[in-house]
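**Q** First the structure, which I've put down as structure tokens, then a few questions once you've had a look.
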Amino acid sequence: MMGLRDWFAGDPATEMQRLRARVRELEGLVSEAAELGERLDREQAARVRLGQQIDRERASYELTAARIRELEALLGEREASALDKLTVLPPARSTSPTAEVLRERARADALALRVEELQAANLRLYKIHIP
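Start counting the sequence shown at 152; every next residue gets the next number (our numbering).
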């Protein structure tokens, strides 16, 4: 039967120290692996939260974009209505500067109204999507 001394083929105390050092090294690796696993879990959870936030932002953006399209359509109708009103004005017997100025002023007012409403919609969109 083989004895312990035959198994180590050397000094048992030295071999025991080598084995203990190897055990400490392996314990350190296990601890490091556990820390890396916890870090990976935290990063995956953060990635899931970011994905959910992106989905919420995308949905909010799509709703806002749809609302802006609705507003643009409404503004287009208002502008068309304002321009239609301009065409309903009785034609001047002669193109007087006053009538021309009034038409241009009415057209400019209609366009200014559209610009203001688009700017307000754009500002709302900016406030929604910029933290």
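Built from N, CA and C at the ideal position, the CB exists for glycine as well.
Is the separation between the beta-carbon of ILE219 and that of LEU276 shorter than 8 Å?
**A** yes
**Q** Taking the alpha-carbon of LEU264 as reference, which of GLU166, SER232 and GLU251 has the nearest alpha-carbon?
**A** SER232
**Q** Helix, strand or coil: how does DSSP classify ASP162 here?
**A** In the structure shown, ASP162 falls within a coil segment according to DSSP collapsed to helix, strand and coil.
**Q** Less than 8 Å between the C-beta atoms of GLU183 and LEU222, yes or no?
**A** no
**Q** Please check the pair ALA261 and GLU230, which I expect to be a contact at CB under 8 Å, by giving their CB distance rounded to whole angstroms.
**A** 5 Å
**Q** For GLU189, collect the residues of the same chain with a Cβ closer than 8 Å to its Cβ; drop the 5 residues on either side in sequence, then sort them by chain order.
**A** So no residue of the chain qualifies.
**Q** Could you tell me the distance, in whole angstroms, from the CA atom of GLN168 to the CA atom of GLU186?
**A** 27 Å
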